[in-house]
Amino acid sequence: MPRNSKQTFHLEIHLNRKSEETLDQQISSQIRDGISQGVLKPGDHLPPLRSFAKYIGVSRATLNQAYATLIAEGYIDATPGRGSFISTQLPDKLLFGDAPAPAQTASGAASKAPEKPMNRQSELCRKALGLLLPQANVPLAVVTPSQHLSPGKDFTAIASRVFKNLTHYLRYTAPQGLPELREQICAVSQRLRGIKADPSQVIITSGSQHGFSMVTRLLFNPGDKVLFEDPCYPLMRAVAKFNGLNVVGVPVDTQGMMLERGVRTAPDAKGAFVTPSHQCPLGMLMSIERRHELLDWAAREGKWIIEDDYDSELKYGGDLPYPCLQGMDPTGENVVYVGTFSKMIFPGYRLGYLIVPKNLVDIFSGFRLITERQGNEALQAIIAEYMKEGFYEIHVRRMRKGFEERRNILLDACSNDLGEWGEIVSGNQGMHVLFRFHNQNIDDREVERLCLRENIEARAVSFHYFTETPLKGLILGFGFFEPDQIIAAIRRIAFILRNNFAGFSVGPSRPLRTRF
């Protein structure tokens, strides 16, 4: 090896002129390996170009190309007057190394690493992904409203104003949420839903799912029994199970949750989770009698009611919606109200709220501080201003009108094309309807699978049950879709049923019921 004026170069270069690698690639690769193996150390000088090229039998141009590659990768530096030397700032890949190869046993087989500890809830997390709805914007999916019914230019203008002053909202703030938004939620909820609360009782969340997680962790202990409607929203049930609760399914009928059945099954249940305004997924409205029964039970026995006021804004047919359970509670101490902007604004906005009894405010605020510190104040400011200027309530009325038109188109299409197969049994609210098969031997999950192959999402009702004998039918969304898309999708479902379930038809089309 030629001598450098400063030191000896301790690396032999071996070239294979038959290799598919070019000579400069072989040189740069071997120098790189010498650095990684510690043969060449940071600061070591490389031999002069002319003498080194002659020594290894290549042209100066070839060696110069190898050096240029290593300089570009950060392995060597070149300084006029000093020559080339190993970089003192080596690339991260070399410093930290690649992942080590698996250890091997004496026989040469890779040894199995010892199993690492894992929280018992980890498998629940893995399984939860199977509950995630596809959320594709394909006909009849229960997704966000169409662009024509989105908040529109007023919302965009307010967002633009807020973001022009963005630094004002990039500070630490109260974990409970932006005061202006809590005030507006309180005021609008009093007008639209009969809420009885003041702004201090409002806790801003990152959506209803976040709210359920807070409730299940703060109001109950692992192992506690809680009553759930059966069927129900699968992810809501998954949150309760994840936090260690013993979920007891309670059947529903035309009036909502059959509380008497639930209490008989689990007299020691600590609370009940309900969707009284629009049962998910069956769609009925909980009767006034059942609401009073639930509130009396909670007050008498010291139980919690968790009210998911799902789709409450979307009541059709001119009837006034029933007041929420929270507003009907004479003491204000038994109900935790869960609200969200996912349906009325955008699900990706991830903004919701809880309205809690006064004695729980500090508990929920402290939990938010510990687990998440605070929410996104800029996003909260946009919604607060949108509500303050009156646009939110205008938007709700516009959505209600647009959805009712789409719903009527869906009902007519079902009557015309699916009447021989089933009937609509949903109430007059929400962004979807429930189509129940006349013949309950039809496999609704197979129908769902066949529909997905045709780019239609008709969700199987049976998917939402967990203890009761499931009702067989399809959940049909209409909020996102134009009339021609709705009609075409229903006709396609009729085609699928005729071609795959011909023996299950009950005969000629019949009028469809539109409520429980």
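For the sequence shown, the working numbering begins at 1 and goes up steadily by one.
Just so it is clear, CB atoms sit at the ideal spot from N, CA and C, and this is done for glycine as well.
Just so it is clear, the structure is predicted and the values come from calculations on it, not from any experiment.
- Between residue 216 and residue 243, the CB-CB gap stays under 8 Å.
- With 16 or more other Cβ atoms inside 10 Å of its own Cβ, residue 184 counts as buried.
- Its chain contains 409, 413 as the residues whose beta carbon lies nearer than 8 Å to that of residue 487, once the 5 sequence neighbours on both sides are disregarded; these appear in chain order.
- Note that the region 151-167 does not touch the region 469-488; fewer than 3 beta-carbon pairs, one per stretch, sit closer than 8 Å.
- The Cβ-Cβ distance between residue 343 and residue 309 does not fall below 8 Å.
- Rounded to whole angstroms, the separation of the alpha carbons of residue 254 and residue 278 is 12 Å.
- Looking only at 272, 346, 129, 260, the smallest Cα-Cα distance to residue 479 is reached by 346.
- Listed as beta-bridge partners of residue 204 by DSSP are 353.
- Judged by their CB atoms, residue 324 and residue 307 are nearer to each other than the 8 Å cut-off.
- Cβ contact annotation for residue 53 (same chain, cutoff 6 Å, sequence separation greater than five): 60, 63, in chain order.
- According to DSSP, residue pairing for residue 77 in a beta bridge involves 85.
- A distance of 8 Å or more separates the beta carbons of residue 305 and residue 269.
- Residue pairing of residue 340 in beta bridges, as defined by DSSP: 352.
- Going by C-alpha positions, residue 209 is about 19 Å away from residue 326.
- Annotation for residue 470: no alpha helix (DSSP H) segment contains it, and DSSP assigns it neither H nor E.
- The beta carbons of residue 295 and residue 334 sit closer together than 8 Å.
- In the DSSP annotation of this structure, the continuous segment of the alpha helix (DSSP H) that includes residue 491 starts and ends at 483-500.
- According to DSSP, residue pairing for residue 252 in a beta bridge involves 257.
- Runs of the alpha helix (DSSP H) spanning 4 or more residues and lying entirely within the region 208-289 occur at 208-218, 234-242, 259-265, in chain order.
- Taking all protein chains in view, the Cβ of residue 85 is crowded by 16 or more other Cβ atoms within 10 Å, so the residue is classified as buried.
- Here residue 321 has 277, 312, 315 as same chain residues with Cβ atoms under 7 Å from its own Cβ, once five neighbours each way along the sequence are excluded.
- Annotated three-state conformation of residue 429 is strand, per DSSP.
- Our two residues, residue 39 and residue 19, have alpha carbons roughly 24 Å apart in a direct line.
- Residue environment analysis places residue 172 among the exposed positions, since fewer than 16 neighbouring C-beta atoms fall within 10 angstroms of its C-beta.
- With respect to the C-alpha of residue 339, the residue from 177, 137, 202, 76 having the closest C-alpha is 202.
- The straight-line gap separating the alpha-carbon atoms of residue 404 and residue 177 is approximately 34 Å.
- Using a 10 angstroms sphere on the CB of residue 437, the tally of other CB atoms reaches 16 or more, which defines it as buried.
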